[in-house]
Each structure stands twice: as C-alpha cells, then as structure tokens.
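Notes follow once the structure below has been shown.
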DNA sequence: TTGAAAGCGCTAACAA
DNA sequence: TTGTTAGCGCTTTCAA
C-alpha cells in the first residue's frame with residue numbers, strides 16, 4: 004500500500020539507487036531523469052519511511068525529554084511553557100521530540116537507559132537537576148549527548164543552562180528588607196533539588212548580610228504545589244510571632260501561601276508580603292498580583308534545545324554554560340499598600 | 004561500539020536467528036543454548052536497537068500528540084495534566100510518546116501529514132477539536148488510527164472521548180439562576196472550537212429554559228488565556244448595567260475575570276459571582292476559590308490513550324464513544340457570602 | 001550518469 | 001533445536 008522507492012523505480016524503469024539520489028538532490032542525476040522521477044514520486048504520493056531513514060543514517064533526529072512529574076495530578080504551568088520552547092526550537096531544527104513522564108526516584112533512570120541503550124533518541128534534555136544527580140552521572144558515563152537546565156554539585160563538567168536562583172532570591176529578599184521587613188519566612192523546596200538549595204541559600208545569605216537572624220522556625224519545606232504552599236503558610240501563621248513576609252521558592256507555592264494568608268483574614272501586600280519565583284503567567288493575574296523573580300522559561304527551553312542540537316551536530320559550542328540573570332518583578336503582593344504599579348527592577 | 008545480535012552470535016557460535024529467538028523467549032530454543040546466549044548478551048551489555056525493531060516490525064510503538072499552542076508564551080496547566088495522563092498510560096502500555104507543538108492554523112496539518120506519511124507513529128491523539136476539523140477529515144481519509152478528545156460537527160464517525168460541556172455549563176448556569184442571578188454574562192471561547200460552541204450553548208439554552216433573556220451584549224469572546232478573561236470582564240463591567248455573575252468558558256479566563264472584578268473594587272462571590280470550567284488545580288487555591296465544572300483531565304488523558312492503543316492493537320473497542328458527565332464544584336466565587344464549604348453537586 | 005551490491009540491526013518463514 | 005534465506009526501506013560505496 005505505501006509507496007516506496009522500489010515502486011518508483013519500477014514505475015520509471017530506473018534503479019532504486021537513482022531514484023533515491025534524484026529525490027535527495029544529488030547532483031549526479033541528469034535533469035531529465037530527476038524530473039521524471041520527481042514527477043512520478045509526486046504522482047504516486049511517495050513519502051520516505053522515516054524509520055528506515057533512521058536505521059540507515061544511524062541517527063533518529065529525535066530528542067528525548069523526560070518530564071519529572073510529581074504525582075498523578077501533575078499540573079505545573081512551568082512545563083507547558085518550557086515544552087513549547089523546546090518543541091518549537093526542535094521542530095525548527097528538524098528534530099522530533101520524544102516525551103516521557105516519570106516521577107523522580109526509582110524507575111526514572113530506566114527510562115533514560117532505554118532511550119540511551121536502544122538508541123531511541125540522539126540526545127536528551129534534563130531538567131530539575133538534583134545536587135547529586137544520578138541521571139547526569141549516567142549520561143556522562145555513557146558519553147551520551149545531553150544538556151541540562153540547572154547545574155549539580157558534583158557531577159563534573161557538562162553543558163547546561165541555568166538561572167542564578169541564588170541571586171534572584173537575594174534580590175527579592177533585599178527588596179523585602181528594604182521595605183522594612185525583618186521577620187521574613189521562607190518556603191523552601193526539596194533540598195535535593197539544586198535550585199531548591201540555591202534559592203534557600205539566596206535567602207539565608209541575604210538575611211545574614213543584613214545582620215538579620217536566620218530562624219529555622221521560619222523555614223518550611225514544600226513540594227512546589229499550591230497545596231503545599233498553603234500548608235506551609237498555615238504553619239507559619241500559627242507561630243506565636245508571625246512573619247510579616249513569606250517568600251516561596253516558586254510561584255505555585257506562593258499562590259498557595261497567599262490563599263492561606265487571606266483565609267486568615269490578612270491582606271496580602273499590606274499585612275503580609277508574599278513573593279514567588281518563576282513568573283508563570285498566572286502570577287500577573289493573581290489577586291493581588293504576585294511579586295516574583297522572572298525566569299524566561301520559554302526562552303530557556305529554546306536555548307537548552309539549541310545547545311543540544313549544536314552538541315549533537317558536533318559543532319563547536321558557542322557557550323557550554325549559560326547562566327541567566329533573573330529579574331525581580333515587583334507587584335502588589337509585596338508593595339507597600341500605596342504603590343500599585345508594576346515595577347521591573349533589573 | 005554498540006553490541007548487536009551479530010556480536011553475540013559470533014561470541015557464542017550460534018546464528019543471529021537463534022540468538023534473536025533466545026533473547027525473545029521463543030520456546031524452540033534449548034535451555035542450555037538460551038542460557039549461554041542470555042549470559043553472553045548480559046556480559047556484553049546487549050540491548051536491542053529500537054529503530055531496527057521498528058523497521059522490521061513495521062510499527063513504531065509510538066503515539067503522536069501535537070499540542071495546539073496559542074502563541075509563544077503558551078502556558079495552560081490543562082496540558083501538563085493531560086500530558087501526564089497520556090504519558091503514563093502510554094508507557095504502561097509499552098508505547099512512547101512523540102510530542103510536537105504547533106499553533107492551530109496553517110502548517111499544523113503538515114505536522115500531522117509528516118507523522119502519518121512517514122509512518123512516524125502508530126496512532127495520533129487529537130485535542131481541542133474544531134467544529135469542522137481538517138485534522139480529523141485528513142486522518143479519517145487516510146484511515147489512520149486516532150482518538151480525539153472532543154467531537155466535531157460534521158466529520159462523521161470516529162472514536163472520541165468527550166465531556167458534556169453543554170450539560171456542565173447548564174448546571175453552572177442553573178446554579179447561578181437558583182441563587183437569584185438574572186443578569187449573567189458569559190465569556191465565550193472561539194466558536195470554531197467544538198467545546199467553545201457547546202459551552203456557549205449550555206449557557207444560552209439554560210437562560211432560555213428559565214425564561215431569561217439572552218443578551219448579546221453580555222456575551223464576550225476570549226482566547227482562553229487569563230489576560231483575555233481580564234479584558235472581557237473589563238468590557239462587561241463597563242456596561243451601563245453590569246452583570247451580577249460572570250461565567251467563563253474555562254478556568255484561566257475565570258481567574259482573569261476575577262482579577263478584573265476585584266480591581267473594580269467588587270467582592271467576588273458577593274457582589275459578582277464568577278464561575279469557570281475545567282477545575283485546574285489552581286481553581287481550588289484562588290482567592291476566593293473558584294466555582295467551576297470539573298473535568299477529570301488526567302483520567303481523560305488516560306482514557307484517550309487507552310482507546311487509541313486498543314484501536315491500534317485491533318482489539319474490539321469496548322467503547323468507541325465516551326461521554327463524561329461533568330461535575331459542578333461550588334466554591335466561594337459563586338456561593339452566597341454566608342456559605343463557605345465546598346459542595347459537590349453530581 | 002546510472003546500477004549493482006552491500007548493509008543499517010532486526011525478525012520470521014521455511015528447511016534441515 | 002538450529003541455520004539459511006529473505007526482507008523491512010533506505011543510503012552509499014564502488015564499478016560500469
């Protein structure tokens with residue numbers, strides 16, 4: 004049923020070889036032959052079998068991306084935007100994207116192994132790096148092409164794109180301190196996550212630099228979901244001495260925290276300041292709009308993908324390590340009640 | 004470098020065929036031979052080349068999913084959850100997932116064509132069906148296996164999973180009417196989208212059934228983003244006679260509308276009721292929590308995937324058409340100020 | 001300018 | 001129980 008090179012060869016009387024060359028724009032085919040062949044291909048509705056090409060070329064023109072989900076009801080707007088970035092870039096570069104979903108932990112590495120061993124993809128994108136990341140150790144040890152969004156603490160040298168989360172949180176912290184906050188709470192992320200670790204550091208460092216005490220009671224860990232943000236904020240507001248500001252390691256938890264603050268009858272941005280990290284589109288539309296640290300998520304997706312393609316193609320990498328400077332976006336959730344404009348502080 | 008069947012054959016002295024059979028658990032291999040072969044395979048670190056298997060088997064064990072993005076900064080939590088559903092189910096069934104991102108419109112169909120013609124995938128998942136959907140016409144005409152999330156108006160018979168959006172919105176509308184609302188506005192979605200059309204119908208039908216006027220001035224169209232929800236609500240609140248309730252075709256727009264209502268100094272759920280559709284996780288954590296119509300997004304992803312796999316495997320489809328009954332989730336954004344509990348109305 | 005032949009790595013029908 | 005042979009659809013030497 005499907006039309007193959009052989010069908011065209013038979014139809015035109017040329018050999019499969021010549022047909023292949025004509026169709027692939029080789030220059031050792033006479034114009035007339037080429038025309039005949041192309042017309043016939045057109046007429047019969049020929050389209051190359053991609054799998055056969057893959058086998059022959061010994062590459063799949065496919066990139067792998069394993070999304071580290073966190074439970075069944077996984078819904079992080081971060082990933083749609085990131086996916087759009089890598090998806091569009093991949094397709095612009097002529098690559099397909101093979102996506103798998105797996106929760107972090109046991110079994111996750113098996114997916115990586117399958118892709119690598121089976122030569123299922125030409126390269127991999129790794130996100131949410133851990134401080135000691137077994138995925139990265141594995142890929143490094145297999146000499147498999149990959150690019151990470153995020154660094155690690157100990158896996159040696161590999162190409163990555165990262166944002167300076169420590170600096171981002173430092174700016175947000177300083178912003179709060181400058182507005183007179185002293186009791187500032189922090190909703191941390193899993194400390195195995197590199198960015199969770201870095202962001203917490205940004206907070207503790209800045210507190211210390213300003214000679215403010217770092218109170219362990221004011222640091223609560225969440226799992227990046229709104230729900231956990233709510234819960235964390237509840238614990239913080241139940242303290243004998245409540246904080247005047249709550250910083251969260253990501254926007255989703257910040258949004259959850261805002262809900263709790265409001266449920267306690269406080270006004271966010273006036274009684275209690277709340278800040279996030281990521282600047283997902285919702286941050287701008289929450290009530291009140293959320294002060295946060297912007298990451299250009301879509302752009303990061305594009306960049307990571309771009310670097311990976313360069314790596315696969317063997318071209319020299321312009322930049323093996325990219326570190327982006329995050330931007331503090333001040334909105335009403337942290338502004339003094341008077342101000343209401345959105346101010347961007349570079 | 005990579006170990007192939009031939010390497011094992013050479014190492015053990017058996018033929019490639021025997022090696023293949025031993026490794027694939029055929030029963031016409033002597034136990035001793037099998038053991039030798041398996042041990043050698045293990046020792047050499049053999050793993051089958053997946054591409055070669057695909058070519059030989061004439062199938063890719065891969066499902067295609069083309070995400071219809073809406074602009075670069077695409078970030079709809081709906082899709083992460085949906086993706087988690089199909090991703091997990093696909094992997095449970097032994098399928099990989101090839102994901103592509105493309106905005107609806109010109110060029111989109113090319114991606115479908117490439118996947119179909121190149122035999123890149125064994126089947127496709129189609130979402131956000133349009134009333135006249137060229138993707139579906141194409142797949143139908145190519146006799147290519149696919150399952151849609153959503154129906155169409157005219158494309159004939161094809162397998163789909165859908166929720167009864169009309170009934171869902173009808174319930175929400177009735178809920179508002181029962182609470183005394185009369186001037187109810189509706190933020191519609193693109194009317195080419197089947198669900199956009201259906202949801203609007205649910206609203207107009209219910210208004211008429213209750214002998215309430217359907218005022219065109221109270222119907223505004225948005226593009227499903229929060230931003231457009233904001234804008235739409237702004238237009239509605241600028242009307243000489245403002246509505247007492249605003250229904251949106253999805254949660255994202257409802258969240259945007261809430262922001263506008265609040266910016267106008269109204270209290271959501273008291274002065275103006277707001278409702279959404281989808282029940283994305285954020286709906287529960289907004290301020291106030293959003294009354295909405297629940298779709299089991301993750302579950303729908305699983306189901307669509309399951310049906311597609313059945314279809315590909317040629318098994319008889321238990322259910323070619325699945326229509327889910329949506330559930331109204333009443334929260335504070337529509338409840339009379341007194342009530343504050345979450346009530347689920349089946 | 002063209003074609004024959006080999007081969008990518010695997011599976012399967014058929015014979016021995 | 002095992003091997004021979006063929007072939008999936010394509011690309012790419014190499015020789016004519």
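Protein chains in written order, with the working numbering: chain P, 4 to 349; chain C, 4 to 349. A virtual CB, placed ideally from N, CA and C, is assigned to each residue, including glycine. Treat the numbers as computed from the prediction; the structure is a model and nothing was measured.
The closest CA to that of residue 241 (chain P), considering only P:31, P:336, P:324, P:266, is found on P:266. According to the DSSP assignment, residue 166 (chain P) belongs to the beta strand (DSSP E) that extends over 163 to 166.
Here the alpha carbons of residue 277 (chain C) and residue 261 (chain C) stand approximately 7 Å from one another. The beta carbon of residue 203 (chain P) is closer than 6 Å to those of 191 in its chain, skipping five residues each way along the sequence.
Taking the Cα of residue 273 (chain C) as reference, the smallest distance to any Cα among C:287, C:255, C:293 is reached at C:293. As computed with DSSP, residue 327 (chain P) is found in a beta bridge with P:166.
Using a 10 angstroms sphere on the CB of residue 320 (chain P), the tally of other CB atoms stays under 16, which defines it as exposed. With its beta carbon at least 8 Å from every one in chain P, residue 337 (chain C) lies outside the interface. Look at the region 5 to 34 of chain P: the residues with a C-beta under 8 Å from a C-beta of chain C are 5. Secondary structure at residue 105 (chain P): strand, using DSSP grouped into helix, strand and coil.
Against chain P, a Cβ distance below 8 Å from residue 123 (chain C) picks out 53, 54, 99. DSSP lists P:281, P:330 as the beta-bridge partner residues of residue 297 (chain P). In the three-state reduction of the DSSP assignment, residue 133 (chain C) falls in the strand class, which pools E and B. Taking residue 324 (chain P) as reference, the option from P:65, P:305, P:164 with the minimal CA-CA separation is P:164. Residue environment analysis places residue 4 (chain P) among the exposed positions, since fewer than 16 neighbouring C-beta atoms fall within 10 angstroms of its C-beta. Non-local beta-carbon contacts of residue 96 (chain P) in its own chain, meaning distances under 7 Å to residues more than five positions away in sequence, involve 312 in chain order. Residue 84 (chain P) belongs to the set of residues whose beta carbon lies under 8 Å from a beta carbon in chain C. Classified as buried, residue 52 (chain C) has 16 or more neighbouring CB atoms from the shown chains inside 10 Å of its CB.
DSSP places residue 196 (chain C) within a strand segment (E or B) once states are collapsed to three. For residue 67 (chain P), DSSP records a beta bridge to P:101, P:127.
Across the set P:157, P:205, P:159, the C-alpha of P:205 shows the shortest separation from the C-alpha of residue 178 (chain P). Rounded to whole angstroms, residue 245 (chain P) and residue 115 (chain P) show a C-alpha spacing of 45 Å. Counting the other CB atoms within 10 Å of its CB gives residue 84 (chain C) a total of 16 or more, which places it among the buried residues. Neighbourhood of residue 283 (chain P) in chain C, by CB distance below 7 Å: 78, in chain order.
Nearest CB-CB separation between residue 75 (chain C) and chain P: below the 8 Å threshold. Here residue 67 (chain C) has 101, 118, 124, 127 as same chain residues with Cβ atoms under 6 Å from its own Cβ, once five neighbours each way along the sequence are excluded. A direct Cα-to-Cα measurement between residue 89 (chain C) and residue 104 (chain C) gives close to 16 Å. Rounded to the nearest whole angstrom, the CA to CA distance from residue 305 (chain C) to residue 91 (chain C) is 7 Å.
Per DSSP, residue 223 (chain C) lies in no alpha helix (DSSP H) segment; the continuous beta strand (DSSP E) that holds it begins and ends at 222 to 224. Separation of the CB atoms of residue 153 (chain P) and residue 198 (chain P) is rounded to 6 Å, and the pair is thereby assigned contact status at 8 Å. For residue 262 (chain C), the chain P residues whose Cβ falls inside 7 Å of its Cβ are 288, 290, in order along the chain.
The criterion of a C-beta distance shorter than 8 Å is not satisfied by residue 36 (chain C) and residue 44 (chain C).
Under the 8 Å Cβ criterion, the region 216 to 231 of chain P does not count as touching the region 141 to 156 of chain P, having fewer than three qualifying pairs. In the three-state reduction of the DSSP assignment, residue 189 (chain P) falls in the strand class.
Boundaries of the beta strand (DSSP E) around residue 149 (chain C): 149 to 152.
Following the DSSP letters along the chain, one finds residue 257 (chain C) in no beta strand (DSSP E) but inside the alpha helix (DSSP H) bounded by residues 254 to 266.
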